[in-house]
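If you read the sequence shown in the working numbering, its first letter stands for residue 6, the second for the next number, and so on. We put the beta carbon where it would ideally sit given N, CA and C, even for glycine.
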Amino acid sequence: MSNSKYFQDELTYLRESGSEFAKYHPKLTHFLSEGTFDPDVERLLEGFAFLTGRIREKIDDELPELTQSLMTLLWPHYMRSIPSLCISELQSHSGSVTEKTLIERGAEMASAQIEGTQCLFRTCYDVMLYPLEIVDIEQTNSRNNSSVDVTLVTNNDSEISRIGLDSLRFHLHGEVHITRTLFLWLFRYLDHIELDVGGGYKRTLSPDMIKPVGYEEDESLLPYGQNSFAGYRLFQEFFSLPEKFMFFDLNGLDWLNGVPQRSSVKIKFHFKRALPSEVVLKQKHLKLHCTPAVNLFDKDADPIRLEHQRNEYKVRPQSNHQDHYEVYSIEQVESWNKDERRRKPLIEFETFEHQINQKDKQDFYKTKVAERLSGRGLERYISFHTHNGDIADLGSETILMKLQCSNADLAERLSAGDIAFNTHKSPTYAIFKNITKPTQSVSPQVNGELQWQLIANMSLNYLSLANIDVLKVLLSTYDFHSRVDRQAHRASQHRLDGILSSEIKPVDRIFRGVSVRGNQFKLVVDSKFFVNEGEMFLMVSVLNEFIRLYSSVNSFTELEVFDESTGEVYNWTSLVGQQTIL
6 MSNSKYFQDE
16 LTYLRESGSE
26 FAKYHPKLTH
36 FLSEGTFDPD
46 VERLLEGFAF
56 LTGRIREKID
66 DELPELTQSL
76 MTLLWPHYMR
86 SIPSLCISEL
96 QSHSGSVTEK
106 TLIERGAEMA
116 SAQIEGTQCL
126 FRTCYDVMLY
136 PLEIVDIEQT
146 NSRNNSSVDV
156 TLVTNNDSEI
166 SRIGLDSLRF
176 HLHGEVHITR
186 TLFLWLFRYL
196 DHIELDVGGG
206 YKRTLSPDMI
216 KPVGYEEDES
226 LLPYGQNSFA
236 GYRLFQEFFS
246 LPEKFMFFDL
256 NGLDWLNGVP
266 QRSSVKIKFH
276 FKRALPSEVV
286 LKQKHLKLHC
296 TPAVNLFDKD
306 ADPIRLEHQR
316 NEYKVRPQSN
326 HQDHYEVYSI
336 EQVESWNKDE
346 RRRKPLIEFE
356 TFEHQINQKD
366 KQDFYKTKVA
376 ERLSGRGLER
386 YISFHTHNGD
396 IADLGSETIL
406 MKLQCSNADL
416 AERLSAGDIA
426 FNTHKSPTYA
436 IFKNITKPTQ
446 SVSPQVNGEL
456 QWQLIANMSL
466 NYLSLANIDV
476 LKVLLSTYDF
486 HSRVDRQAHR
496 ASQHRLDGIL
506 SSEIKPVDRI
516 FRGVSVRGNQ
526 FKLVVDSKFF
536 VNEGEMFLMV
546 SVLNEFIRLY
556 SSVNSFTELE
566 VFDESTGEVY
576 NWTSLVGQQT
586 IL
């Protein structure tokens, strides 16, 4: 039972009722009168309170088997905890990388041991590793503009033309008010970029050579089902780790491949508006070779020996420390018959393959999610059924499962620099180090509130987003951290108070000689309710991508944001699918 309130309510009722009952049956006073309970009777009352509390909890959940199946099919992210997240920096062993080397997402790293367990993290972005490092950052401010000069030097003085440089991914790291402001200046006030290798070799790049990072499917932090709308993932990840969007790609660097005998380059970002005086950039604020990382990894489950007296079984990762692990998802289920020496795959109920191939009469499995008794984290139960829904008779077979797991709330006890060990899934030439403290693992509420979340998602459409209250509910629904962290809740509520109004109207644009109808979203905000103007800009940038993803392929969206504090108007380019409207 996840909530002790049910237990306490039932126990209080039994004690008070017992005292009342003893008044009418004096012979039982010694056993039931309050203050003189027999110890054995006390244990019985506690046992009954626990069982009846579970019954009440199930009634309050309002048929969780039905809603959980719907959620697993449509929005599986509602049925999974958000694992611990961090930003990791990669470096190469001295002399091991002489040209660009791709480290694909999914590379694994391990932490220092906590109570005998190493927490495992995997990278979420591809990382192009270069023999290159940032050695200096210079900032120049004037009344009307600013510039930031970033000096990069190759390792071992190798020529920059020989390392295969075509683009660089930078990460904005450090204090929120600095990184968010620089993010705003890069995507709002950038005039041009200059490459300078000395000796008169210079190249000017336009502002469209920088691209934001974090919006593509292959840049996701969390696995998402194909049936799920990707826009929800963006909100969930923004509230869980906003630093994942503090990346940008600088393209157009292949010009450097034709520059001879140079081992360094100065990249100058020229802005058409002066940076605020409180923004003082240092070398630590800009990093190369970084990626978000998530506390997820593959693990086998304890085999389940079927007992025909039971309908469902708890899924347990193989470990002597069960509380150090939480099942994120079940990836594969098989039944093993030791007499016939064969394995038979079992299908998940939500795939409906047992209905599609009725002639095969395939067995399937169903899962149920419940909160742990501790109230921290989720646990999963599995049951097995025939093609028509009855409890399956699998004989004396053993169930084998492959899982995706996290280390539950163990990982949040780590600090920056603790996740720095390689595993057998790590490239041998790379060194890992987390540069941020891992976030807290957060579980969704799988109680009666689940139904309201389901209804809210079903009713979402363009017109509902025009209602400012609906928009705020949508944003708060995916802010899981604000439900468990009081400070995060206050900050989240403050941001939502800064969204003042929204409006949607149809507009027509000419695209390739054809009139196309779309929707224009107008949003009024007040940046005073955010950390700064940059944080507001980041959030509405994510909102813009959410709206764009909601647009059908034969339509488009435009977003216009008015900041009531500064009078600034922000416009995002109209898009039809992936095509820009001229």
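Residue range of the unbroken alpha helix (DSSP H) whose run includes residue i
i, result
"glycine 236", "235 to 245"
"tryptophan 190", "181 to 193"
"valine 451", "Per DSSP, valine 451 belongs to no alpha helix (DSSP H) and is neither H nor E."
"lysine 510", "Taken as a continuous stretch (DSSP letters only), lysine 510 belongs to no alpha helix (DSSP H), being part of the beta strand (DSSP E) at 504 to 516."
"arginine 92", "Here residue 92 turns out to be isoleucine, not arginine, going by the sequence shown. Premise fails: isoleucine 92 lies in the beta strand (DSSP E), 90 to 97, not in any alpha helix (DSSP H)."
"valine 475", "473 to 482"
Exposed unless 16 or more other CB atoms sit within 10 angstroms - verdict on residue i
i, result
"glutamine 584", "Note that glutamine 584 scores a pLDDT of 42, beneath 50, so its modelled location is shaky and nothing firm can be said."
"methionine 6", "Confidence is the limiting factor: at methionine 6 the pLDDT is only 46, short of 50, which leaves the residue's position unreliable, though a coordinate-based value still follows. Buried is the call here."
"leucine 137", "buried"
"leucine 587", "Its pLDDT being 42, under 50, leucine 587 is placed unreliably by the model, and nothing is read from it."
"isoleucine 515", "exposed"
"glutamate 538", "buried"
"lysine 273", "buried"
"histidine 326", "exposed"
"tyrosine 575", "buried"
"threonine 145", "exposed"
"serine 282", "exposed"
"isoleucine 60", "exposed"
"threonine 186", "buried"
"threonine 562", "buried"
"glutamate 15", "buried"
"glutamate 594", "No answer is possible for residue 594: the residues shown for the chain start at 6 and end at 587."
"glutamate 345", "exposed"
"histidine 329", "buried"
"phenylalanine 389", "buried"
"threonine 128", "buried"
"arginine 500", "buried"
"aspartate 45", "exposed"
"proline 88", "buried"
Residue i and residue j closer than 9 Å at C-beta
i, j, result
"glycine 382", "serine 487", "no"
"leucine 90", "leucine 226", "yes"
"valine 545", "valine 566", "yes"
"serine 99", "asparagine 160", "yes"
"lysine 304", "cysteine 410", "yes"
"phenylalanine 437", "lysine 292", "no"
"isoleucine 108", "leucine 125", "no"
"phenylalanine 526", "glutamate 550", "no"
"phenylalanine 240", "lysine 249", "no"
"valine 530", "glycine 572", "no"
"valine 519", "serine 560", "no"
"threonine 103", "serine 166", "no"
"alanine 416", "isoleucine 440", "no"
"serine 481", "leucine 280", "no"
"glutamate 224", "tyrosine 333", "no"
"alanine 112", "alanine 425", "no"
"proline 511", "asparagine 300", "no"
"alanine 298", "methionine 114", "yes"
"histidine 294", "histidine 197", "no"
"leucine 4", "alanine 117", "This structure cannot settle anything about residue 4, because the visible part of the chain is limited to 6 through 587."
"phenylalanine 252", "leucine 195", "no"
"lysine 271", "leucine 191", "no"
"valine 338", "tyrosine 386", "no"
"proline 322", "leucine 408", "yes"
"leucine 19", "leucine 50", "yes"
heavy atom of the ligand COA below 8 Å from residue i C-beta
i, result
"aspartate 414", "The ligand COA is absent from the structure shown, which contains no ligand whatsoever."
Residue i, enclosing beta strand (DSSP E) - first and last residue
i, result
"lysine 304", "302 to 305"
"serine 388", "383 to 390"
"methionine 133", "132 to 134"
"proline 350", "347 to 350"
"arginine 148", "Counting along the chain, arginine 148 falls outside any beta strand (DSSP E), and DSSP gives it neither H nor E."
"isoleucine 215", "215 to 217"
Would you be able to state if there are at least three C-beta pairs under 8 Å between the stretch 234 to 251 and the stretch 164 to 172? no
Three-pair Cβ contact test at 8 Å for the stretch 252 to 260 versus the stretch 203 to 217: yes
What runs of the alpha helix (DSSP H), each 4 residues or longer, lie entirely inside the stretch 525 to 573? 538 to 555
Are at least three pairs of beta-carbons, each pair with one atom in the stretch 190 to 207 and one in the stretch 265 to 285, less than 8 Å apart? yes
At least three beta-carbon pairs within less than 8 Å, the stretch 79 to 86 to the stretch 277 to 289: no
Taking 8 Å as the threshold, find out whether the stretch 336 to 354 comes into contact with the stretch 422 to 439 through three or more Cβ pairs. no
Threshold first: 3 residues or longer. Then list the beta strand (DSSP E) segments lying entirely within the stretch 294 to 344, N to C. 295 to 299, 302 to 305, 317 to 319, 331 to 342
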